[in-house]
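Numbering (this note's numbering), first residue to last: -16 to 240. Idealized CB from N, CA, C, for every residue including glycine. Working notes, beginning with the structure itself.
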């Protein structure tokens, strides 16, 4: 692929944005290659955890505005197809069977901030800025808000989406947009160590089912959600991973997943 690279290192699948000269801005081809890379990683048995990272100084500057300007010449139907294309990428990452960690080494702006926020975990550096600047150019942060409301709640989402202001990495951590802020020189090491911790200490099946449940249960009412949780609890008890894990615990034997 031209704009996205994929490799696996010790069960960690790395998906790398490689459009540094355009600040890794998103257009149809980049989104397409990201979808292909995530599909490949999900099916790759040698990959247990995924890291999304980028080349250059910026993690992702959001939509390629020259590309958006060109799309303004299209009719509603064509624009809907393109918008759906991006929506499918975000939904894919959110519902992917495997845990996705964002390794954010530089600014994540607009759609790029959405791309970072949609990941299950976010590691960033103190120098990085975050924000959804769409309202400042007459655009709207439409797709990302569906996920952002789930992640950080209405009050913080309104603060980010309606002001369009950029925030620091520290504020992004306090808001729940990312999880860890580490020195730039240590970012790659911290991300890899965290990914290895998930690979070695946690059941692949358990992480997959837990992530799926988190995505599904939020749209359910209380009783429906509790019933769903009870059913999944019962199913999990008879799973091979649960049987193996409990047996090892009771025998006080180490288990390496």
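Measuring straight from C-alpha to C-alpha, what distance separates residue i and residue j?
i           : j           : result
residue 55  : residue 212 : 45 Å
residue 222 : residue 215 : 11 Å
residue 39  : residue 3   : 5 Å
residue 66  : residue 11  : 9 Å
residue 78  : residue 35  : 15 Å
residue 242 : residue 156 : Nothing in the structure corresponds to residue 242, since the chain is present only between -16 and 240.
residue 29  : residue 146 : 43 Å
residue 144 : residue 126 : 12 Å
residue -10 : residue 151 : 30 Å
residue 8   : residue 204 : 38 Å
residue 1   : residue -15 : 8 Å
Does residue i come out as helix, strand or coil in the three-state DSSP assignment?
i           : result
residue 138 : helix
residue 195 : helix
residue -1  : strand
residue 30  : coil
residue 66  : helix
residue 131 : helix
residue 234 : coil
residue 202 : coil
residue 9   : strand
residue 174 : helix
residue 223 : helix
residue 165 : coil
residue 151 : strand
residue -6  : coil
residue 20  : helix
Identify which residue in the options has its Cα closest to the Cα of residue i.
i           : options            : result
residue 26  : 43, 13, 42, -4     : -4
residue 240 : 14, 154, 188       : 188
residue 149 : 122, 93, 129, 191  : 93
residue 170 : 105, 143, 227, 198 : 105
residue 196 : 179, 95, 180, 219  : 219
residue 111 : -12, 95, 103       : 95
residue 85  : 173, -7, 183, 182  : 173
residue 115 : 46, 28, 217        : 46
residue -6  : 73, 179, 16, 91    : 179
residue 113 : 51, 42, 133, 128   : 42
residue 87  : -1, 14, 129, 17    : -1
residue 181 : 8, -9, 33          : 33
residue 132 : 44, 153, 97        : 97
residue 14  : -12, 217, 190      : -12
residue 165 : 109, 8, -16, 68    : 109
residue 175 : -8, -14, 71, 70    : -8
residue 276 : 193, 89, 183, 130  : The requested residue 276 does not occur in the structure, where the chain is confined to residues -16 to 240.
residue 83  : 233, 19, 53, 24    : 24
residue 134 : 237, 201, 49       : 201
Item checked: Uninterrupted alpha helix (DSSP H) stretches inside the stretch 77 to 123 (no shorter than 4 residues) -> Entirely contained in the stretch 77 to 123, the alpha helix (DSSP H) runs reaching 4 residues are, in chain order, 94 to 100.
Next item on the list: Specify whether the stretch 199 to 213 and the stretch 107 to 127 touch according to this definition: at least 3 beta carbon pairs, one from each stretch, less than 8 Å apart.
Entry: In this structure the stretch 199 to 213 does not touch the stretch 107 to 127; the number of beta carbon pairs closer than 8 Å is below three.
Next item on the list: Count the CB pairs spanning the stretch 130 to 139 and the stretch 155 to 163 that are closer than 8 Å, and state whether there are at least three.
Entry: Output reads yes: the stretch 155 to 163 touches the stretch 130 to 139.
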